[in-house]
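K.L.:
Number of protein chains: 2
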Amino acid sequence: MGVTIYQVARAAGVSPSTVSNVLNGRDGRMLPETRSRVVRAMQDLGYRPNHAARQLRTGRASAIGLVVPSVANPFWGAFAQRVEAAALTHGQHVLLCNSERDPDRERAYVDELWAEGLRAIVLCTSLPSLDHLADKISAGLRLVAFDRTAQLGDPDQVINISIDNVLGTKMATQHLLDLGHRRIAFISGSLGSINRKERHRGFVEAAAAAKLGDGAITWAADDDDFADLDAAALGRAAVAELLQRPEELRPTAVLTINDMTALGVCAGARTAGLTPGRDLSVIGFDDILLAELAWPPLTTIRQPLDAMATAAVDYLRADPDGAVTAPSVLIRPELVTRDSTGPATA
Amino acid sequence: MGVTIYQVARAAGVSPSTVSNVLNGRDGRMLPETRSRVVRAMQDLGYRPNHAARQLRTGRASAIGLVVPSVANPFWGAFAQRVEAAALTHGQHVLLCNSERDPDRERAYVDELWAEGLRAIVLCTSLPSLDHLADKISAGLRLVAFDRTAQLGDPDQVINISIDNVLGTKMATQHLLDLGHRRIAFISGSLGSINRKERHRGFVEAAAAAKLGDGAITWAADDDDFADLDAAALGRAAVAELLQRPEELRPTAVLTINDMTALGVCAGARTAGLTPGRDLSVIGFDDILLAELAWPPLTTIRQPLDAMATAAVDYLRADPDGAVTAPSVLIRPELVTRDSTGPATA
DNA sequence: CTGTTAGCGCATTCAA
DNA sequence: TTGAATGCGCTAACAG
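Heads up: the sequence lines are chains Y and E, in that order. Just so we're aligned: the first sequence equals residues 1 to 346 in full-length UniProt numbering. Just so we're aligned: the second sequence equals residues 1 to 346 in full-length UniProt numbering.
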């Protein structure tokens, strides 16, 4: 069924090990002429390397493992699409895993991928600690932690790729302040994960700098009542509660942990008879495809996913022996102004 | 690094081949007692089968290949999440491929997966013909064609899983008729793919049965100006054009090829100063997560994704030697009534 | 009912 | 600079 290096070797008049050397870029061990003869033979015969055999021999698989909370979430779906595209440019495949934000599941996936020989994993995690991966990492696992900034005590060699969350919510808060809002709510699920804490911090700091005082309202779910896909429901619930407050305590603008929650807030506001963008300003985070499609189109903080996905795959492929020069990549967010935010009216 | 069947065999006091037999469910070839001894040894040693070795030996990989247009599209993201979940219950992994609706890319992916030993593929395709896969299928490829109904001349052994598209748009059209609408537009990208043709047919037939005559308007993009992710832009463009028509030719209700397009229609209607659900009824297709979140919440035809994904994975795992008793699974759509459709006012 | 054995395709010593 | 030989972990004859 498949062409083997033996057939290639015979066709090129060399030994199998020479073909193997060509395959593995050990060009120094042969004459350029020999090399080109081998390459030609591979093309003529339509040779394709057998990944299973290579993996059996080396113990390493070439695919990239991708662990996301859930590709059903449009943000992660978009990210997964870009990771796959970036991997494809290197001829690598992507193994898809949905952790559903369950830490046990997340760990089990990484264990499983490791046991299967995968040595390159993009882990989209909100876990504060990566200690449980330290042994694998020192044993050769290339791990990109995505959407999570570097933490003290992280294993060396872990590469963190994330937006600058603090800056992002600062920009969002500032935008609202510039529009004249003085009572602003930050809405989020439980503040357990790193990036949520950071986004919250950006809000708190920007609000403090503007001396908002009690005008800075934090609404965070206590525990994990809301799963990943319930972000919208969370927004709905939060806004329903906030709008019941007496007018002098009621926010005129809302900043959410992500776009899905913002969409929920918009829906909740409408249920309460308010028009988002006019009676209540709403700003999201992520800039998912649907942010632009919502009514009103959602002002949000964009995460440049293309750049992030490409960076992730590049690091995974970097020379394993090379020094990791950039242990952490902090990407700059962008404010995208659309119609869901407007001047303060109250 | 790994425990092998030899170690298990030694621990259980049997030969490696007996362990292999246990692994492969050939229970008939050993005493129950022997079997349990082996199982115990596997647990004690923490044995995990080496997929690469197994694949090298058998030529078959155990992962499932999933080819979707793009997981960045919320519908396909949701589907991918469910396929992965279904595969996980069998301990199988999912290899993710985004075809971006490029037929060449789609074919290249299938070739690649096949060459890598994958023998189970879920192919979400709009291609009318599957002839190019016939040879692989007869050579043992298990292929589930998703979102595509069976066609005359399809290779045997292909399993088609799809909703009943004709019924779906009939239900949608009927819903609009029941609300009193007499000028209804069907909006879609080019009608090249099977399921689009079918959805269109459902609309045409229901409209004809209601003697709508010129009141049944088909708006379909000529060629593929709009890629998968531009569905919303397509809806916007279509509605902008339709609303410019003289009043007696202007639709009072719109039925779209999918929810993303419907969301675009809603946005376009608002741009034109109309309120969806009041001035223009809009009904989508799919029931993606965001349909409920839109404003107004979108009436739509639901595709029961869970059932569809489970069916796909089950068929992939069915006994390869068993007769394929259900070459085609036609799933019943459900009308989900929300606020984007209302009585005809014009 | 259980054990022995011979590769699957490749990478990698070690010799030449 | 190249070649011959070995084994990664497993399955499937086949022999016992």
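All C-beta atoms in this analysis are idealised placements derived from N, C-alpha and C, irrespective of residue type, glycine included. None of these values were measured; they are calculated from a predicted model.
Output needed for GLY46 (chain E): all residues of its chain with C-beta closer than 7 Å, excluding positions within five of it in sequence on either side, in chain order.
P.N.:
Counting only Cβ-Cβ distances below 7 Å, and skipping sequence neighbours, we find VAL3.
K.L.:
In the structure shown, what three-state DSSP assignment does ASN98 (chain Y) receive?
P.N.:
ASN98 (chain Y) falls in the strand class under three-state DSSP.
K.L.:
My output table needs one value for LEU66 (chain E): the three-state DSSP class, helix, strand or coil.
P.N.:
Of the three classes helix, strand and coil, the one that applies to LEU66 (chain E) here is strand, per DSSP.
K.L.:
With a cut-off of 8 Å, does the C-beta of ASN258 (chain Y) fall near any C-beta of chain E?
P.N.:
No - not a single Cβ of chain E is within 8 Å of the one on ASN258 (chain Y).
K.L.:
Could you tell me the distance, in whole angstroms, from the CA atom of ALA115 (chain E) to the CA atom of ARG40 (chain E)?
P.N.:
Cα to Cα, the separation comes out at about 36 Å.
K.L.:
For the structure I just gave you, are there three or more beta carbon pairs, one from the stretch 52 to 62 of chain Y and one from the stretch 73 to 87 of chain E, closer than 8 Å?
P.N.:
No: the two stretches stay apart, fewer than three of their Cβ pairs being nearer than 8 Å.
K.L.:
Nearest-angstrom Cα distance between MET42 (chain Y) and ARG196 (chain Y)?
P.N.:
Looking at the two C-alpha atoms, the distance is approximately 51 Å.
K.L.:
Looking only at its chain, what residues have a beta carbon closer than 7 Å to the beta carbon of HIS132 (chain E), apart from the 5 residues adjacent to it on each side?
P.N.:
Result list for HIS132 (chain E): ARG107, in chain order.
K.L.:
Sort Y:ASP230, Y:VAL265, Y:ASN258 by Cα distance to LEU243 (chain Y) and report the nearest one.
P.N.:
Of Y:ASP230, Y:VAL265, Y:ASN258, the residue nearest in Cα terms is Y:VAL265.
K.L.:
Which chain E residues sit within Cβ distance under 7 Å of TRP295 (chain Y)?
P.N.:
The answer, in chain order, is CYS266, ALA267, ARG270, TRP295.
K.L.:
In whole angstroms, give me the CA-to-CA distance for ARG201 (chain Y) and VAL166 (chain Y).
P.N.:
Cα to Cα, ARG201 (chain Y) sits roughly 6 Å from VAL166 (chain Y).
K.L.:
Taking the beta carbon of PRO251 (chain Y) as the centre, do at least 16 other beta carbons fall within 10 Å, making it buried, or is it exposed?
P.N.:
Its Cβ being crowded by 16 or more others within 10 Å, PRO251 (chain Y) is buried.
K.L.:
Rounded to whole angstroms, how far is the Cβ of ASP217 (chain E) from the Cβ of ALA172 (chain E), which I believe are closer than 8 Å?
P.N.:
The sequence shown places Ile at residue 217 (chain E), rather than the Asp named in the question. Rounded, the Cβ-Cβ distance is 14 Å, inconsistent with contact.
K.L.:
What do you get for GLY273 (chain Y), buried or exposed, if any count of 16 or more other CB atoms within 10 angstroms of its CB means buried?
P.N.:
GLY273 (chain Y) should be labelled exposed.
K.L.:
Nearest CA to the CA of ARG332 (chain Y): which residue from Y:ARG54, Y:PRO304, Y:THR58, Y:ALA145?
P.N.:
If we check each option's Cα against that of ARG332 (chain Y), Y:PRO304 comes out closest.
K.L.:
Starting from the beta carbon of VAL71 (chain E), find every residue of chain Y whose beta carbon is closer than 7 Å, and list them in chain order.
P.N.:
Per Cβ cutoff of 7 Å: VAL71, GLY77, ALA80, GLN81.
K.L.:
So GLY117 (chain Y) contacts chain E; which residues on that side make the cut at Cβ distance below 9 Å?
P.N.:
Going along chain E in sequence order, the residues near GLY117 (chain Y) (Cβ under 9 Å) are ASN50, HIS51, ALA52.
K.L.:
Quick check on this structure: which residue in Y:ASP214, Y:THR341, Y:LEU298 has the alpha carbon closest to the alpha carbon of GLU248 (chain Y)?
P.N.:
Of the listed residues, the one whose Cα sits closest to GLU248 (chain Y) is Y:ASP214.
K.L.:
Out of curiosity, what's the CA-to-CA distance linking VAL204 (chain Y) and GLN55 (chain E)?
P.N.:
Answer to the nearest angstrom: the Cα atoms are 54 Å apart.
K.L.:
By Cβ distance below 8 Å, which residues in the same chain neighbour ARG236 (chain E) in space, the five residues on each side in sequence not counted?
P.N.:
Once the five neighbours on either side are set aside, the close Cβ partners of ARG236 (chain E) are GLY264, VAL265, ALA267, GLY268, THR271.
K.L.:
Please report whether the beta-carbon of GLN55 (chain Y) lies at a distance below 8 Å from any beta-carbon of chain E.
P.N.:
Output row for GLN55 (chain Y): interface = yes.
K.L.:
Could you check what DSSP says for GLU116 (chain E) in three-state terms: helix, strand or coil?
P.N.:
Coil at GLU116 (chain E), not helix or strand.
K.L.:
Residues of the stretch 140 to 152 of chain E with a CB closer than 8 Å to any CB of chain Y: list them in chain order, please.
P.N.:
Cβ contacts with chain Y come from no residue of the stretch 140 to 152 of chain E.
K.L.:
Taking all protein chains shown into account, decide if SER15 (chain Y) is buried (16 or more other Cβ within 10 angstroms of its Cβ) or exposed.
P.N.:
Exposed, by the Cβ-count rule.
K.L.:
Does DSSP put SER15 (chain Y) in a helix, a strand or coil?
P.N.:
SER15 (chain Y) falls in the coil class under three-state DSSP.
K.L.:
What residue range does the beta strand (DSSP E) around ILE257 (chain Y) cover?
P.N.:
Here ILE257 (chain Y) belongs to no beta strand (DSSP E), and DSSP marks it neither H nor E.
K.L.:
Taking Cβ to Cβ, would you say CYS124 (chain E) is nearer than 8 Å to TYR109 (chain E)?
P.N.:
No.
K.L.:
Counting beta carbon pairs with one atom in the stretch 158 to 165 of chain E and one in the stretch 293 to 313 of chain E, are three or more of them shorter than 8 Å?
P.N.:
Counting Cβ pairs under 8 Å, three or more are found: they touch.
K.L.:
Using a Cβ-Cβ distance under 8 Å, would VAL336 (chain E) count as near chain Y?
P.N.:
It does not: the Cβ of VAL336 (chain E) has no partner Cβ on chain Y nearer than 8 Å.
K.L.:
If the cut is a Cβ gap below 9 Å, which residues of chain E does VAL94 (chain Y) touch?
P.N.:
Those are LEU95, LEU96, CYS97, listed as they occur along chain E.
K.L.:
Quick check on ASP154 (chain E): buried or exposed, where buried means 16 or more other Cβ atoms within 10 Å of its Cβ?
P.N.:
Buried, because 16 or more other Cβ atoms sit within 10 Å of the Cβ of ASP154 (chain E).
K.L.:
May I ask you to check if the CB of ALA294 (chain Y) is nearer than 7 Å to at least one heavy atom of the ligand SAM?
P.N.:
Absence of the ligand SAM from the depicted structure is noted, as is the absence of any ligand whatsoever, leaving it without description.
K.L.:
Note down, in chain order, each residue of its chain lying with its Cβ closer than 8 Å to the Cβ of LEU179 (chain Y), except the 5 sequence neighbours on either side.
P.N.:
Here the set comprises ALA253, SER281, THR341, GLY342, PRO343, ALA344.
K.L.:
Quick check: the Cα distance between ALA208 (chain E) and LEU143 (chain E), rounded to an integer number of angstroms?
P.N.:
Going from the Cα of ALA208 (chain E) to the Cα of LEU143 (chain E) covers about 36 Å.
K.L.:
Between ASP111 (chain Y) and ILE121 (chain Y), what straight-line distance do the alpha-carbon atoms span, to the nearest angstrom?
P.N.:
Spanning the two alpha carbons is a distance of roughly 11 Å.
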